[in-house]
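To start, the structure under review is shown below, and the notes come after it.
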Amino acid sequence: MPGMNAALAAVLATVRPSSTRADDDTGQAGTSSQTDACTIGDAALRGMTVAQLEGVWELVERRCAAKEPWWRIVFGKDGKMKRDKKKRPVWKQVLLEPDDVDLYDINVNIVKPMTAARQCSYVELVATGPQPPVRFVSHAWSHPFKRTLEIIKQHAKDRQLDPEVAYWICLFAIRQHNLGLEVNVPIRETPFFRAIKHQSCKGTLAILGMDAKLFDRVWCALEAYESMVASEPGYQMDIYAHDKEGKVRSLTEGLLPAEARSVFATQNKQRREAAFPVDIVRRALEFGLAATQASVEQDKTNILEHIGKSPGGVLAVDNTVRARYFIAGLNQLKDDPGMLEKGLAALERSRLRSLSIDGVHGVGDQLAARLPRGLTELMLSGAGLGEQGAQAIAQRVLGTLTVLDLGNNQILATVNGSLSRL
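Residue numbers for the sequence shown follow our numbering, beginning at 54 and rising by one.
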């Protein structure tokens, strides 16, 4: 496999399928690799390269081809984990096709057995040293791994990232045998928080399935908050999903590099984003932090307390998440008056600090009239901004803006609180 390092090759060569769960009550640990690649003390530095993720996929295919059964947690029709009388998860063994394997399956049947001997993270098996993340991945474990990998590969291609850059994925970054030591700490000390805030991390990649389960998980809500509200200027939040035909679609922060080099940049972005599944965007406009779930109830309590201390509290976060997806999916919603108004209302009440909108025509004045107070960066190109919209920008956000780029609207800059050519 191109780009495979010696540690990853050794893992693939030594691992064997196991029919024993790593956390089986009998105490049997399953099969573990004897590779001693490295120790990375800081979980925030345990990113995964695309080549290493492809190595996991090879393990999945090998197990399925061998008709080895997979231990799988049983979930009810309500989506909740089934438990026995002692409150333990209910398990069963099933045969799976590679396309059906999700991250829960990989954790129980691959990651935990392979890391049991060393009590380490999966990254520490396949890396030779720290791998600082360039992107943080926010996703639901129920999403098929094949599709997760397809999206990460497409994102790396779209953003023209170096093949060796690392994506931070909690399943592989955290020592699954020692969750308490790494996760049961104050929010700001968790690996999730520190990975997003690490100086190497330039953005978050949110991966959604058609069921949009990402919006149901409280940890994903925290990740969205830290990526959208509490991040540094220039931090990118990209949203990817498969459509009903299985094609990867995307909503991105600003233009992609290939688009930026084209004279038809905004038109190309508009065409690309118009193909994003609109049902997911609509689902995002119903997001509510209070309705999210956590496997450990105390996690939700801690996250709600953490977010509740921010200006505006939970409601501000709800509106900020809704507004971010609304802006990303504006091309699909602008012709639906009801959804447009719902999105504009969320935008007005949000705490977004930076807005980058390209290639959305005919709604410039409406957007300008509902810009959130406190906005510091506004890039609005090709939206048909008129004199009314220009006045709204001056009245609502001129005092806080440090960057204003209205592109072909011919209203160009803000410096020290003053607009030129307005």
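For glycine and all other residues, C-beta sits at the position ideal for the given N, C-alpha and C.
The structure presented is a predicted model; accordingly, all values stated were derived computationally and were not measured.
Rounded straight-line distance, which links the Cα of Ser195 to that of Asp458: Cα-Cα distance, rounded: 40 Å.
DSSP-derived helix/strand/coil call for Gly366: helix
Selected residue, minimal CA-CA separation from Gln444, among Val456, Gln419 and Ala327: Gln419
Supposed contact pair Ile126 and Asp142 - C-beta distance, whole angstroms, cut 8 Å: Looking at the sequence shown, residue 142 is not Asp but Pro. Yes, Pro142 and Ile126 are in contact; Cβ-Cβ is about 5 Å, under 8 Å.
Cβ-Cβ distance between Ile227 and Asn355 below 9 Å: no
Top-ranked residue by Cα proximity to Val190, from Ala180, Leu202 and Gly182: The option with the nearest alpha carbon to Val190 is Leu202.
Which of helix, strand or coil DSSP assigns to His230: Three-state DSSP puts His230 in a helix.
C-alpha distance - Ile159 paired with Ala97, whole-angstrom precision: 21 Å
The region 381-398 / the region 349-369 touching (three or more Cβ pairs under 8 Å): no
Other residues of its chain near Gln172: CB distance less than 8 Å, five sequence neighbours each side excluded: Arg228, His230 and Asn231
Pairwise C-alpha distance: Pro186 and Ser253: 6 Å
Same chain, Cβ closer than 7 Å to Ser407, neighbours up to 5 away in sequence not counted: If we look at Ser407 and ignore the five residues flanking it on each side, its Cβ neighbours are Pro286, Thr429 and Glu430.
Residues of its chain near Gln448, where Cβ-Cβ distance is below 6 Å and the 5 sequence neighbours each way are ignored: Once the five neighbours on either side are set aside, Gln448 has no close Cβ partner at all.
Cβ pair Val179, Met281 closer than 9 Å: no
contact_flag[the region 289-303, the region 251-265] where n(CB pairs < 8 Å) is 3 or more: yes
Span separating the alpha-carbon of Lys520 from that of Arg335: No answer is possible for residue 520: the residues shown for the chain start at 54 and end at 475.
Ranges of the beta strand (DSSP E) found wholly within the region 347-428, counting only runs of at least 3: 407-411
Which of helix, strand or coil DSSP assigns to Ala119: coil
Rounded C-alpha distance that separates Ala170 from Gly396: 50 Å
Among Arg404, Val416, Ala327 and Gln213, nearest to Ala283 - alpha-carbon criterion: Among Arg404, Val416, Ala327 and Gln213, the Cα nearest to that of Ala283 is on Arg404.
Helix, strand or coil at Glu236 [DSSP, three-state]: This sequence places Val at residue 236; Glu is not what is there. DSSP places Val236 in helix when its eight states are reduced to three.
Ser195 (DSSP reduced to helix, strand or coil): coil
Burial state of Gly182 (16 or more Cβ within 10 Å): exposed
Boundaries of the beta strand (DSSP E) in which Gln146 is found, first to last residue: Trp144 to Val147
Cutoff 7 Å; reference Lys206; Cβ partners in own chain excluding five residues on either side: Val103
Asp153 versus His192, Gly132 and Trp110, residue with shortest Cα-Cα distance: Trp110
At least three beta-carbon pairs within less than 8 Å, the region 357-373 to the region 335-345: Contact between the region 357-373 and the region 335-345 is present: 3 or more CB-CB pairs across the two stretches fall below 8 Å.
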